[in-house]
Structures are given as C-alpha cells and as structure tokens.
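Quick note: the sequence shown uses UniProt numbering, first residue 1, plus one each step. Note that beta-carbon positions come from the ideal geometry of N, C-alpha and C, so glycine has one too. Input: a single structure, listed below in structure tokens.
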Amino acid sequence: MNTTSSNPPALSRPAVAQHPSLAGDGSAEPVLSLISKRGWALVDTPEANVHCSSPDGRVYVGWLPEDPAAWRRGTVWTVRATPAEADAQP
Numbered sequence: 001m002n003t004t005s006s007n008p009p010a011l012s013r014p015a016v017a018q019h020p021s022l023a024g025d026g027s028a029e030p031v032l033s034l035i036s037k038r039g040w041a042l043v044d045t046p047e048a049n050v051h052c053s054s055p056d057g058r059v060y061v062g063w064l065p066e067d068p069a070a071w072r073r074g075t076v077w078t079v080r081a082t083p084a085e086a087d088a089q090p
C-alpha cells in the first residue's frame with residue numbers, strides 16, 4: 001500500500017497596505033480618518049467625543065475620551081452593530 005504525505009497548502013497573506021497603524025499612541029485620528037474616507041458620518045461634540053455612523057446606518061462607533069463612564073468601563077471606544085433584517089433572529 002502506497003501512501004503519500006500531503007502537505008497543507010501554504011497560507012497566503014494579503015499585501016499590507018501602506019497606511020499608519022490603527023493601534024498605537026491612544027489617538028483616535030487614524031481610525032476616524034479611515035472611516036471618514038469610507039463615507040461614514042462623523043459628529044463631534046463640544047466635550048471632544050466623536051460619534052460615527054456607517055453609510056448603511058448599521059454600525060456605530062463612538063470615541064468617548066471625555067465620558068467618565070467610559071473610563072470606569074476601562075474603554076473609550078464603543079462599537080455597536082445592528083444585524084441586517086435577513087440576519088436577525090426571530
């Protein structure tokens with residue numbers, strides 16, 4: 001009986017785009033710049049918080065550096081997504 005060892009195919013990785021890392025120094029600018037370029041609506045408040053909505057309205061991203069509750073939770077980012085009607089469970 002002959003057996004051949006089959007090696008799994010090599011993983012291919014997509015090319016890394018030349019843009020700044022979205023993680024880093026605690027600045028929201030890289031993320032806010034990216035989603036703004038993608039057509040998201042951005043609203044900033046006098047308190048320096050920023051609220052963002054995806055073009056289809058299904059995703060909310062909030063940068064809340066001046067919200068005391070955010071610091072108590074240990075995060076200043078809030079992300080919420082609403083499933084598409086076809087994806088929603090009854």
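Opening and closing residue of the beta strand (DSSP E) in which residue i lies
i	result
R80	77–81
W63	59–63
A70	Taken as a continuous stretch (DSSP letters only), A70 belongs to no beta strand (DSSP E), being part of the alpha helix (DSSP H) at 68–73.
S53	50–53
D44	41–44
Beta carbon of residue i nearer than 8 Å to that of residue j
i	j	result
W40	S53	yes
A28	V50	yes
V76	A70	yes
Where the alpha helix (DSSP H) containing residue i begins and where it ends
i	result
S27	Segment: none, S27 is in no alpha helix (DSSP H) and carries neither H nor E.
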